[in-house]
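Scroll down for the structure; my scribbles are underneath it.
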Amino acid sequence: MAAERTSSVALVAVDDTVLAQLVRAAITDAGADEVTPPLTAGRAWTSARVGWLRDFHRVRRPGLAGPTGEGTWAVVVDELVVGSVRLKHTDEPGVLETGIWLTRGARGRGVGGAATAAALRQAASLGASGVRADTTAANAGALAVLRRFGFHLTLSDGGQDVRALLLFDPERDRCK
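Note that the working numbering numbers the sequence shown so that position 164 is 160, with each residue one more than the last.
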């Protein structure tokens, strides 16, 4: 199993075994709206949402070179799957978009920062010139992580949404 390590946090390829663990983590310790788009009425996990989550990761197994132009990894802490991170091509050449979700039990423990650092290293190793992330102005945890890594934050949608951009400095490794 290929893995990227940051202390006790690893990004692991999502094969069928890891996917089963990822789905279990999502439905037992994360809100459906935190992991999937609003596919069904209400905020509960439904078979449609679980199916979407499985399909989302399966079709992204070929990674950035595949038909979706996106790759995903499970976030693993001490051999326990606690979320996922993704990288995706954008319309801006060289800039990849990242996204992350974590189980409630993994939040507030530095896992998001470690997983973001691993995703930034992964993006740099793939030749990216920068990484973009989108979140909401209310997501204090995500904003703190993005600021810590030096992302430039821009408000949009009347101050509700935040677009974050980190351009890699070729003279200095900004991904540590």
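For glycine and all other residues, C-beta sits at the position ideal for the given N, C-alpha and C.
Taking all protein chains in view, the Cβ of residue 38 is surrounded by fewer than 16 other Cβ atoms within 10 Å, so the residue is classified as exposed. The segment 1 to 77 is shown to contain whole alpha helix (DSSP H) runs of 4 or more residues at 12 to 25, 28 to 31, 43 to 55, in chain order.
Around the C-beta of residue 13, fewer than 16 other C-beta atoms lie within 10 Å, and the residue is accordingly described as exposed. The beta-carbon distance between residue 141 and residue 149, rounded to whole angstroms, is 11 Å. This is too long to meet the 8 Å contact definition.
Fewer than three beta-carbon pairs drawn from the segment 32 to 48 and the segment 60 to 71 are found closer than 8 Å, and the two stretches are therefore not classed as touching. For residue 133 and residue 9, the gap between their C-alpha atoms comes out near 30 Å. Secondary structure at residue 87: coil, using DSSP grouped into helix, strand and coil.
The closest CA to that of residue 53, considering only 84, 26, 76, is found on 84.
In the displayed model, residue 121 falls within a helix according to three-state DSSP. Residue nearest to residue 95 within the set 31, 102, 22 is 31 (criterion: CA-CA distance).
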